[in-house]
Amino acid sequence: ASERICATLKEDFLPFVSHILPGVLEKFTLAPREFANQDEINDDDEVNLTMIRENGRMKVMIMYSSEIQDLKGALECVHTFVEELAAAYAPFVAQTAQALLPVFDFCMEDGIRDLAFE
116 ASERICATLK EDFLPFVSHI LPGVLEKFTL APREFANQDE INDDDEVNLT
166 MIRENGRMKV MIMYSSEIQD LKGALECVHT FVEELAAAYA PFVAQTAQAL
216 LPVFDFCMED GIRDLAFE
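Per the working numbering, the sequence shown starts with residue 116, numbered consecutively.
And the structure:
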């Protein structure tokens, strides 16, 4: 919803950014975790799995689809803020850049990394 409001208000939305942005950037911490034998996945859970090689051994990484969607939504939200607020977003660039760093190593879906690079 904040994306649509930002697109409508443009620079008048700026006073709200400092209150909304921390919650959005918090979503950038969502990341796959190593699947362990004791992990239970319900039949109705939608998960994404990927395999990575780390220190010579293969690891199965898991992430719920809802977490991937939350991460994607947060990236799209920041993208909207940057596009609509333009130079007015400058005070938040350092905070946003720092929060984005883990997303560049995201291994579950290439589209997430691509959106982060935008």
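All C-beta atoms, glycine included, are put in the ideal place defined by N, C-alpha and C.
To the nearest whole angstrom, what separates the beta carbons of residue 173 and residue 162, a pair I think is in contact under 8 Å?
Between residue 162 and residue 173 the Cβ distance is about 18 Å, and since that is not below 8 Å, they are no contact.
Does the beta-carbon of residue 164 have 16 or more other beta-carbons within 10 angstroms, so that it is buried, or is it exposed?
exposed
Let me make sure I understand the geometry here. Which of 171, 131 and 140 has the alpha-carbon closest to that of residue 231?
For residue 231, the nearest C-alpha among the options comes from 140.
Would you mind sorting residue 193 into buried or exposed? The rule is 16 or more other CB atoms within 10 Å of its CB.
buried
Can you name, in chain order, every residue of its own chain whose Cβ lies under 6 Å from the Cβ of residue 195, other than the five neighbours on each side?
Counting only Cβ-Cβ distances below 6 Å, and skipping sequence neighbours, we find 118 and 121.
Backbone CA spacing between residue 144 and residue 133 [nearest angstrom]:
18 Å
Under 9 Å between C-beta atoms of residue 175 and residue 207:
no
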